[in-house]
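Q: To start, I am sharing the structure in question, which I have written as C-alpha cells.
There are 2 protein chains.
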Amino acid sequence: MKSVNGYKKTFAMAIILSIIVSVFFWANMEIVSSGESPGIPLKVKNKLCYVNLKDERSHMNKTTDLKMIYFVTPTYPRPEQVPELTRLAHTLMHVPRLHWIIADDQPACSDIVSDILRRSGLPYTHISSPKPYIYKESNIPRGVANRRASLTWLRDNVQDGVLYFGDDDNTVDLQLFDEIRQTKKVSMFPVGLIGTYGVSTPVVKDGKVVAFFDSWPGSRTFPVDMAGFAVNIEFLKPSASMPYIAGHEEDRFLVSLGLKLDEIEPLAANCSKVLVWHTKTAKYKKPSLKINLEKFNDSPKYGDFVSLLKETSRLGMAYLSSSNGTKTYVIRNRRQYETTGGLL
Amino acid sequence: MKSVNGYKKTFAMAIILSIIVSVFFWANMEIVSSGESPGIPLKVKNKLCYVNLKDERSHMNKTTDLKMIYFVTPTYPRPEQVPELTRLAHTLMHVPRLHWIIADDQPACSDIVSDILRRSGLPYTHISSPKPYIYKESNIPRGVANRRASLTWLRDNVQDGVLYFGDDDNTVDLQLFDEIRQTKKVSMFPVGLIGTYGVSTPVVKDGKVVAFFDSWPGSRTFPVDMAGFAVNIEFLKPSASMPYIAGHEEDRFLVSLGLKLDEIEPLAANCSKVLVWHTKTAKYKKPSLKINLEKFNDSPKYGDFVSLLKETSRLGMAYLSSSNGTKTYVIRNRRQYETTGGLL
Numbered sequence: 000m001k002s003v004n005g006y007k008k009t010f011a012m013a014i015i016l017s018i019i020v021s022v023f024f025w026a027n028m029e030i031v032s033s034g035e036s037p038g039i040p041l042k043v044k045n046k047l048c049y050v051n052l053k054d055e056r057s058h059m060n061k062t063t064d065l066k067m068i069y070f071v072t073p074t075y076p077r078p079e080q081v082p083e084l085t086r087l088a089h090t091l092m093h094v095p096r097l098h099w100i101i102a103d104d105q106p107a108c109s110d111i112v113s114d115i116l117r118r119s120g121l122p123y124t125h126i127s128s129p130k131p132y133i134y135k136e137s138n139i140p141r142g143v144a145n146r147r148a149s150l151t152w153l154r155d156n157v158q159d160g161v162l163y164f165g166d167d168d169n170t171v172d173l174q175l176f177d178e179i180r181q182t183k184k185v186s187m188f189p190v191g192l193i194g195t196y197g198v199s200t201p202v203v204k205d206g207k208v209v210a211f212f213d214s215w216p217g218s219r220t221f222p223v224d225m226a227g228f229a230v231n232i233e234f235l236k237p238s239a240s241m242p243y244i245a246g247h248e249e250d251r252f253l254v255s256l257g258l259k260l261d262e263i264e265p266l267a268a269n270c271s272k273v274l275v276w277h278t279k280t281a282k283y284k285k286p287s288l289k290i291n292l293e294k295f296n297d298s299p300k301y302g303d304f305v306s307l308l309k310e311t312s313r314l315g316m317a318y319l320s321s322s323n324g325t326k327t328y329v330i331r332n333r334r335q336y337e338t339t340g341g342l343l
Numbered sequence: 000m001k002s003v004n005g006y007k008k009t010f011a012m013a014i015i016l017s018i019i020v021s022v023f024f025w026a027n028m029e030i031v032s033s034g035e036s037p038g039i040p041l042k043v044k045n046k047l048c049y050v051n052l053k054d055e056r057s058h059m060n061k062t063t064d065l066k067m068i069y070f071v072t073p074t075y076p077r078p079e080q081v082p083e084l085t086r087l088a089h090t091l092m093h094v095p096r097l098h099w100i101i102a103d104d105q106p107a108c109s110d111i112v113s114d115i116l117r118r119s120g121l122p123y124t125h126i127s128s129p130k131p132y133i134y135k136e137s138n139i140p141r142g143v144a145n146r147r148a149s150l151t152w153l154r155d156n157v158q159d160g161v162l163y164f165g166d167d168d169n170t171v172d173l174q175l176f177d178e179i180r181q182t183k184k185v186s187m188f189p190v191g192l193i194g195t196y197g198v199s200t201p202v203v204k205d206g207k208v209v210a211f212f213d214s215w216p217g218s219r220t221f222p223v224d225m226a227g228f229a230v231n232i233e234f235l236k237p238s239a240s241m242p243y244i245a246g247h248e249e250d251r252f253l254v255s256l257g258l259k260l261d262e263i264e265p266l267a268a269n270c271s272k273v274l275v276w277h278t279k280t281a282k283y284k285k286p287s288l289k290i291n292l293e294k295f296n297d298s299p300k301y302g303d304f305v306s307l308l309k310e311t312s313r314l315g316m317a318y319l320s321s322s323n324g325t326k327t328y329v330i331r332n333r334r335q336y337e338t339t340g341g342l343l
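Protein chains in written order, with numbering that gives the first Met the number 0: chain A, 0 to 343; chain B, 0 to 343.
This is how it looks when you write it as C-alpha cells:
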C-alpha cells in the first residue's frame, strides 16, 4: 500500500509542477492576431490566473468516463457581475464532468471571479484577457478577446472534450449538457429570445440542417447565436479563429473550422425544442454615494455597516466618495431619518 | 414485516385522501380581503393546481430533520418566464428541505409552470392566483394576489418552517438558505441592486438592528425589500396580511405581524455581506410573426421546424398568425434567402 501511495504522491507532484511551469509561460505569452483584420495592432497581454483540475463537488460522481465539457464564459466587471456568475454557477454545479473557463475583461486577476469559481467546486480555468487597446473606447465587439484567450488555453492544454460558449447572462436547461456532450464535430440547436423572431434556429429536414431561421441574415453562412452550437475539441483546427467584427464572431469562427452544412448535428429533438435562452439582465446604474467612511473608522459601533458599504463598493455595486455623490440617509423609524454621517 | 408495510400503506392512503379533499375545498374557496382597503372588491378565485410533498431529488439527503424552507415565488406569463423559473429551479435544487410555492397570475393552471416544478424534483405547491378584477388594467401592484394566496395555503397546511419571498428574477447565494433556516421570528439581511444606493439593508449596532439604509424611506416602519427578510411560520399570526399598495407590501406585512425592531434577527454576518440580489431581466418584446402553419401541415418534411414554431408560441416567446405580423425568412446560405412559406 505504501509504495502505491508513493507513486500517487510523485504523480501529483509532477502534475502540480507542470501546471506551475505552464502557468509561468502562459502568463508571459502574447497572443497575436491571426490576421483576419490585417494592420490592426491586436496584441494583448493575457494572464492565466488560476487552473483547478480537481472536481470538488461532494455530491457528484467523479469516476465517470464522460467527455469533459469546457464551458467558456466571457465576463466583465459591472454591478450585476457577481449575481450573474453566482446563478450561472448554480446551473453548472449540476453538470457532471464540466470544466468552467471564465475569461475576464480586466488586466488584473479579479478576486471576485476567483471566489465564485472556487466556491463552485468545479474544475476551472480563470483567465484575465483584457481587450486590445484599440477597442478600449467602444464596448463592441464584446467578449472576443476573452474567447480567443480561452481557445488558446484549450489548444495548449486539452486534447479532447466539447467546447461551448455560454455567456454569464444566458439560461441553459440541464438537458442541453447531456446532449452537447455527444457532439462529434459541431452540433447546433435553437436559442430562445433572439432578435425579432423570438428564436434563432437551424431548419432541419429529414434529420439534416438545410437552412436557418434567424431575423438577421447579415450575409452569414451560419446565421446562429454564440449559444446555439457546441464543438468537439478534436475538430478545433489550428486555423480556428474568431474575428473582432461585431455580429460576425460566430459565423467567421464556424467558417474558420472548415465546417460544411451537412456536417452539422442537429440536437434538441431535431431543433424542435428550446433548451437555451439569450436572457439579458437589465443594467443597474451604478450609483455614486457621498459617504465619509473615515469618520466611521473612529467609531467601531457601526463596523458591520461600514463593512457592508466597503463590500458594496468592492463588488462594484456603488462608488463611495467622501466628497461627491448622492447624499445618503439612514431611517430610524417611519418619521425620523438622518444623514448617514449623523449616525455617529 | 407485512403488518408494518400494511400500516405504512394505510397511512400513505390517508395522507393522499386528505390532500385530495383539501385540494377540492381549496379550489372552491374564495379569499376575501382582510380589510386594509375597505370598499374595494378584492374577491378573487384561486385554484390549487398541484401539491407534491415528496422530495424526488436523487442526490439529496431526505432523512434530515432540518426545518423546511417555504420559498414563495409569484410569477406571470411573459417571454422570459420559462428561462427565469428554469434557472431559479437550478438554484433551489441545491437546497435541502425546500418546498417551492409558485403562484401564477393566471386564472388557469399553467402546464408550463407545472412542467418546471415537476422536473425540479422539489416538493412543491402550484397555485393559480389571478389578480382581482380592479387591478387587471394596471400592472401594479404585481405579485400581491400571488403572495396572499400562498400565505393562505401556508396557514391552512403548514405548522412549522420558514417562509421566504423569492421572485423569479432574484439571485440568491446558497449560503442564505442555511442562514434563514434558523429564523426564530423574523430575520433580515442586505439585498443588492436596490434603488439608488446599490443596496438596501438594516443597520446593525452591537448585534441589533437600529435603523435602515434604503434609498426610499416611503414613510415605512420597515423600509426593506421583499427579498430582505424571512419569517418563521409559527410567527405568522392570523392577522398577517399584505396590502394591494405598491411599495408598501413588505412594510405593511411586517407591521401586520406585530414585529418589533428589537425582535429582528440580523443575518449575513450582522448585515455586512450581500447574499441576495434584486436582479431584473431585460424585457424581451414579444414578436408577432406572419407564418401560415397550416400550409406546413400538408408537408411533413418540415415537421420539426413547425414543432419548434408551435413550442415558441406555447412558451409565450412569439405570436404566430397566418394573416398579421412580421414577414419571416429562412436563410439557405449567405446569398440566398426566401420567405418561410417558400420553404415548401
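Beta carbons: idealized from backbone N, C-alpha and C, even for Gly. Being a predicted model, the structure only gives us computed values, none of them experimental.
Taking only three categories from DSSP, how would you classify B/S287?
A: Note: B/S287 maps to strand in three-state DSSP.
Q: If you reduce the DSSP assignment to three classes, tell me which class B/Y328 lands in.
A: Of the three classes helix, strand and coil, the one that applies to B/Y328 here is strand, per DSSP.
Q: Measuring only the C-alpha atoms, how far is A/G217 from A/F295?
A: Each residue's Cα considered, the two are about 56 Å apart.
Q: Check whether the stretch 266-282 of chain B and the stretch 174-183 of chain B touch, using three or more Cβ-Cβ pairs below 8 Å as the test.
A: In short, these stretches touch, since the Cβ pair count reaches three.
Q: Could you list which residues in chain A have their beta carbon closer than 7 Å to that of B/N269, in chain order?
A: Those are D303, listed as they occur along chain A.
Q: Any idea if B/N45 is buried or exposed, counting beta-carbon neighbours within 10 angstroms, 16 or more meaning buried?
A: Its Cβ being crowded by 16 or more others within 10 Å, B/N45 is buried.
Q: When we look at the beta-carbon of B/Q80 and count the other beta-carbons within 10 Å, is it buried (16 or more) or exposed?
A: Label assigned to B/Q80: buried.
Q: If contacts are defined as beta-carbon pairs under 8 Å, then A/I115 and A/A88 qualify, I think. What distance do you get, rounded to the angstrom?
A: Sure, about 6 Å apart at Cβ, within 8 Å.
Q: With H, G and I counted as helix, E and B as strand and the rest as coil, what does DSSP make of B/P73?
A: In the structure shown, B/P73 sits in a strand (DSSP, three-state: E or B).
Q: Taking the straight line between their C-alpha atoms, what separation do you get for B/R334 and A/G315?
A: Roughly 45 Å between the two C-alpha positions.
Q: Terminal residues of the continuous beta strand (DSSP E) containing A/N296?
A: It is not in any beta strand (DSSP E) - A/N296 instead sits in the alpha helix (DSSP H) that spans 292-296.
Q: Beta-carbon of A/L116 versus every beta-carbon of chain B: anything under 7 Å?
A: No, A/L116 does not count as interfacial toward chain B.
Q: What first and last residue would you give for the beta strand (DSSP E) that runs through A/V395?
A: A question about residue 395 of chain A goes unanswered here, because the residues of chain A that appear run from 0 up to 343.
Q: Could you say which of A/G142, A/K61, A/H93 lies nearest to A/V71 if we only look at CA atoms?
A: Closest option to A/V71, Cα to Cα, is A/G142.
Q: For chain A, is any of its Cβ atoms less than 7 Å away from the one on B/R333?
A: Chain A, which has a Cβ nearer than 7 Å to the Cβ of B/R333, makes this yes.
Q: Output, in sequence order along the chain, the residues in the stretch 245-260 of chain B whose CB is closer than 9 Å to any CB in chain A.
A: Residues passing the 9 Å Cβ filter: D250, L260.
Q: Please confirm whether A/T172 has its beta-carbon closer than 7 Å to some beta-carbon of chain B.
A: Before going on, a small fix: residue 172 of chain A reads as Asp here, not Thr. Chain B, which has a Cβ nearer than 7 Å to the Cβ of A/D172, makes this yes.
Q: Would a check of beta-carbon distances place A/I179 closer than 7 Å to chain B?
A: So, not an interface residue.
Q: Do the CB positions of B/A226 and B/V275 come within less than 7 Å of each other?
A: Against a cut-off of 7 Å, the Cβ pair of B/V275 and B/A226 comes out as a contact.
Q: Taking a Cβ distance cut-off of 7 Å, strictly less, list which residues of the stretch 74-108 of chain A are near chain B, in chain order.
A: So the list reads P78, E79, P82, T85, R86, H89, T90, M92, H93, given in the order they occur along the chain.
Q: Starting from the beta carbon of A/D205, find every residue of chain B whose beta carbon is closer than 8 Å, and list them in chain order.
A: K300, listed in chain order.
Q: Would you mind working out which of B/V203, B/P122, B/T90, B/P78 sits nearest B/H98, comparing C-alpha positions?
A: Ranking the options by Cα distance to B/H98, first place goes to B/P122.
Q: If you draw a straight line from the alpha carbon of B/Q158 to that of B/F234, how long is it in whole angstroms?
A: Taking the straight line from one Cα to the other gives about 10 Å.
Q: Report buried or exposed for A/H58, applying the criterion of at least 16 other Cβ atoms within 10 angstroms of its Cβ.
A: Exposed: under 16 other Cβ atoms inside 10 Å.
Q: Among the residues of its own chain, which have a CB less than 7 Å from the CB of A/K401, if the five just before and after it don't count?
A: Here chain A has residues from 0 to 343 only, and residue 401 of chain A is not among them.
Q: Within the chosen definition, does the stretch 201-217 of chain A reach the stretch 90-108 of chain A through at least 3 CB pairs nearer than 8 Å?
A: No: the two stretches stay apart, fewer than three of their Cβ pairs being nearer than 8 Å.
Q: Quick one: measure Cβ to Cβ for B/H277 and B/V190, integer angstroms, because I've assumed they're closer than 8 Å.
A: With a Cβ gap of about 6 Å, B/H277 and B/V190 count as contacting.
Q: Okay, do the stretch 281-298 of chain A and the stretch 307-323 of chain A touch, 3+ Cβ pairs below 8 Å being the bar?
A: These segments touch.
Q: For B/K53, count the other beta carbons within 10 Å of its own beta carbon; 16 or more makes it buried, fewer makes it exposed. Which is it?
A: That one is exposed.
Q: So, helix, strand or coil for A/F164, using DSSP?
A: In this structure, A/F164 counts as strand in the three-state DSSP scheme.
Q: Under a three-way DSSP split, which group does B/R334 fall into?
A: DSSP places B/R334 in coil when its eight states are reduced to three.
Q: Take A/I111 as the anchor and find which of A/P95, A/Y75, A/R96 has the nearest alpha-carbon.
A: The shortest Cα separation from A/I111 among A/P95, A/Y75, A/R96 belongs to A/Y75.
Q: For the candidate residues A/N323, A/M92, A/A239, whose alpha-carbon lies nearest to that of A/V254?
A: Nearest option by C-alpha distance: A/A239.
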